[in-house]
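In order, the protein sequences belong to chains A and B. Taking the numbering used here, I'd label the letters of the first sequence as residues -9 to 656. Taking the numbering used here, I'd label the letters of the second sequence as residues 10 to 166. Data first, discussion second: the structure below is written as structure tokens.
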Amino acid sequence: MEKIGVYVCHCGTNIAGVVDVQEVAEWAASRLKVRGVVIARDYKFMCSSLGQELIEKDIKELGLTRVVVAACSPHLHENTFRTACKRAGLNPYLCELVSIREQVSWVHTDKDVATAKAMQVVSGGVERVNHQVPLEPMKVSIHPDTLVVGGGIAGIQAALEIADAGYKVYLVEREPSIGGHMAQFDKTFPTLDCAACILTPKMVSVGTHPNIELLTWSEVEKVDGYVGNFTATIRKRARYVKTDLCTGCGICWEKCPKKVVDDVFEAGMGTRKAVYTPFAQAVPKYPVIDRPNCTYFLKGTCKACEKFCPTNAIDFTQEDELITVEVGNIILATGYDTFDAKRIAQYGYGRLPNVITSVEFERLCNAAGPTNGEILLKDGKTKPKAVGIVHCVGSRDKHYNEYCSVICCMQGLKFAHLVHERTGAEVYNFYIDMRTPFKGYEEFYQRVLEEGTHFIRGKVAEVNNAARNKDEEGKLIVQVEDTLVGVQMRIPLDMVILSVALEPRHDAKDTAKRFGLSCSADGWFIEKHPKLDPVATMTEGILIAGCVQGPKDIPATVAQGAAAAARALGKIQAKEIALEPFRASVDETKCSGCRICNDLCPFNAILFHEDRMVTEINAALCQGCGTCVAACPAGAISGTGFSNEQVLAQIEGLLLLNVDKNAVPA
Amino acid sequence: MNNNNTFEPVIIGFTCNWCSYRAADLAGTSRTKYSPNVRLIRLMCSGRLDPTFVFKALANGADGVMITGCHPGECHYLEQNYKAMRRFHLMRRTLQGLGVEPARIKLVWASAAEGAKFAHEVTSFVEEIRALGPLNWGAGENGHKAELKSTPQEALA
């Protein structure tokens, strides 16, 4: 019989506060003695080094052959205890971690009931571990190339870190140029660095880096494989421009007769041509032809760009290209969308011309924007005399998004400073709470306060143009309660800027599905651990960086980009990775060749030998889901780690069929 | 277990490693309370669920079995939860054929973000089974099994 050690953790008071851990240990020692339990202990923190040493000592001194730890979720500390067992010379897969914290003490309140349930859970673990077999992790090699999806600042940072370390990166961006949202901004808070001045050098480095293959105007369509060995299929959309001939001289977009409102880069504030690069410093410099708007594609005539191109680089016959790349790691940095302010009808966006969004204001005050950086009303000539900035539009609001979008307070302060500096107008910030953590932010808030910006604490009820007196005529009126004074106010303004929420990309769910990730209820991608592992995901080899994980400012985004790169580099340098050895295998002597399992595997790991009429499973392709194991009518397929014997025994254990009813507690 | 007069159902719950087990974890970390009648077994995927597991649990003292997995289209193994769904309907028909209420098994999709949903589903399933009453599978025919019905409480006494 196996010699089993049971270790019950107090987790401080997290478990011990609800579960009588000592009783659980004593119960296991007496009632489960017949099942092989030779020692059962409880300890304050099993995961501490002293706790781990306790287990290691027992393995060595008592000759334990199996270990059951009753503590937190296996997703937190399974590895910790497996490693401890390994140090003591026990195969790590002979250790079972059962959860009595997440599944017992944190979700139940009655002490007796919780203690009883903890005993059942321990009993199930003891039975399961009895049928566990020693396993060795599977080693797979790591392809040294990396795929970075999204060419905003997060993706740029990640790509540069990896490329600078000497490894190849494929950077995929769906717009014609990299740069992302940051390229749209004028200044960055709190230092008021010009966004373009700090971003464009990085973009140029990406464009010229020998280790970076830049794929703009492209999207990842399909991802196959697993950590270390992904195959990504990328659609390179037709640019209708031969990039090997194009010099980026710009004659084509000068000559193009078709003007199009630019909804992406200029946020609808400016126009571009049908052949275009989104902005002057675009990387790569080659334009694209916007097929749905191009006169030639619409009417069959024009070709002005082709006629004037000095290098004959225009090619209307180009077609989308599908390319496949082999990579070891994937970093997703697909960023965010902004909240559609029209959804809050009472703020008048889309109805009142001088109500604009924060993104539109970024373009308005950008020196390269539609007004060359002059802050003007919609008429294109009047400078505003009073400007209001409404915070939390679509954030911190049960009707839209409950979360805080993080950047709006600082963005509002930055806007206040810029309006003040460039127009001398009166500026009003309408806020719910001012949140200015992080380096230099609070100081910036103080500076803007001293500049004379008005701060009104209250959620704006309405923005309208219905004047009640002479002062309000021709103005936008903001109706708000100043909650610090308890007074209703009507403030006449010339321009209202709505600080719109950051939202997950409209297609975030599809992206998550394509890469095998999950989204939180809000739609942000879920990280492996919210505190300790913010850039890894549950899918090994796929990392996330930047706003795709949740709203964040530029410094945090850059930090995550670099962190994701470091994680990928770590794997690349290790050259191989150990995977959980949970795989299905076929006992050929039992296989009847019925082929029921053959169509069940989505990873094509099952192959059938016609000559011998037996099925075989390719361990390298098998992902260990166990669907074929459950399907085999002959019981010929077994799955390591989750075998029939283990699960059936665990059921018996959980139902307490195994306990020694005659044993007397010690 | 709180009160000797009310029937406390015994529920075995199967979770997949990627979504529903993490939903259970999230219910824990967010301290969402639910009925203590459920005892969970982690599988790698709901597709691993061999119908034998369900029948074994019901035959050996469980009053209900809850099967959980990733939402359709969100399976970590692409589409194996659909296979669990097919088996689920097959198992319901089998149970009906055996004279057992098909409502004793329940299929729940819960993503890693749905801790609250997981907790709610457990609690409502416990109430559904409580309304159905004890399964009393094999009582009278097989003394061994009949005795088992009371073991959880007895063994802990």
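Don't be surprised by glycine CBs; every beta carbon is placed ideally from N, CA and C. These figures come from a predicted structure and were not determined experimentally.
- Only exposed fits A:Pro623, as fewer than 16 other CB atoms lie within 10 angstroms of its CB.
- Sequence-distant partners of A:Asn344 (beyond 5 residues in either direction) whose C-beta falls short of 8 Å from its own C-beta, in its chain, are Leu367, Lys368, Pro374, Leu466, Asp484, Met485, Val486.
- For A:Gly402, the uninterrupted alpha helix (DSSP H) segment begins and ends at 398 to 413.
- Close partners of A:Val619 in chain B (Cβ separation under 8 Å): Arg57, Asp59.
- Here the region 547 to 560 of chain A makes no contact with the region 575 to 589 of chain A; the two share fewer than three CB pairs at distances below 8 Å.
- The straight-line gap separating the alpha-carbon atoms of A:Ala303 and A:Lys248 is approximately 19 Å.
- Annotation for A:Val637: the continuous alpha helix (DSSP H) segment containing it runs 634 to 644.
- Chain A has a Cβ within less than 8 Å of the Cβ of B:Leu52.
- Along the region 23 to 34 of chain B, the positions whose C-beta sits under 8 Å from a C-beta of chain A are Trp27, Cys28, Tyr30, Arg31, Ala33, Asp34, read in chain order.
- In the structure shown, the three-state DSSP call for B:Phe23 is strand.
- Shown in chain order are the members of the region 77 to 101 of chain B whose Cβ falls below 7 Å from a Cβ of chain A: Gly82, Glu83, His85, Tyr86, Leu87, Glu88, Gln89, Lys92.
- From the listed residues A:Gly476, A:Asn419, A:Glu352, the smallest Cα separation to A:Val380 is found for A:Asn419.
- Ranked by Cα distance from A:His98, the options A:Glu165, A:Val8, A:His121 are led by A:Val8.
- Between A:Gly318 and A:Gly218, the CB-CB gap stays under 8 Å.
- Residue pairing from DSSP places A:Thr178 in a beta bridge opposite A:Asp183.
- Less than 8 Å divides the Cβ of A:Arg585 from the Cβ of A:Thr605.
- For a Cβ distance threshold of 8 Å, residue set Tyr30, Arg31, Asp34 of chain B lies close to A:His65, ordered along the chain.
- Contact check for A:Glu126 against A:Pro494 fails: the beta carbons are separated by 8 Å or more.
- Contact of B:Gly106 with chain A by beta-carbon distance below 8 Å is absent, the smallest such distance being about 18 Å.
- A distance below 8 Å separates the beta carbons of A:Leu322 and A:Ile534.
- Boundaries of the alpha helix (DSSP H) harbouring A:Cys295: 294 to 298, taken from the DSSP string.
- Taking C-beta atoms under 8 Å as the contact rule, B:Arg95 and A:Gly114 fail to qualify, at a distance of about 27 Å.
- For A:Phe632, the residues of chain B that pass the 7 Å Cβ criterion are Leu52, Met53, Arg57, in the order they occur in the chain.
- If you draw a straight line from the Cα of A:Ala149 to the Cα of A:Pro274, it comes to about 15 Å.
- Contact annotation: A:Ile152 and A:Lys192 have beta-carbon atoms that are not nearer than 8 Å.
- Here A:Val94 carries a helix assignment [DSSP, helix/strand/coil].
- The CB of B:Pro18 never comes closer than 7 Å to any CB in chain A; the least such distance is about 12 Å.
- Beta-bridge partners of A:Asn419 (DSSP): A:Ile379, A:Phe445.
- Residue contact check for B:Thr41 against chain A: a CB pair falls below 8 Å.
- In the assembly as shown, A:Lys129 is an exposed residue. Its beta-carbon has fewer than 16 other beta-carbons within 10 Å.
- When the beta-carbon positions are compared, A:Cys236 and A:Tyr276 come within less than 8 Å of each other.
- A check of alpha carbon separations from A:Glu117 across A:Val139, A:Ala144, A:Arg25 identifies A:Arg25 as the nearest.
- For the C-beta of B:Lys65, the chain A residues within less than 9 Å are, from N- to C-terminus, Val637, Leu638, Ile641, Glu642.
- Scanning chain B for C-beta atoms nearer than 9 Å to the C-beta of A:Ile586 yields nothing, as the closest lies near 11 Å away.
- Per DSSP, B:Gln105 has no beta-bridge partner at all.
- Along the region 90 to 101 of chain A, the positions whose C-beta sits under 8 Å from a C-beta of chain B are Arg91, Glu92, Gln93, Val94, Trp96, Val97, His98, Thr99, Asp100, read in chain order.
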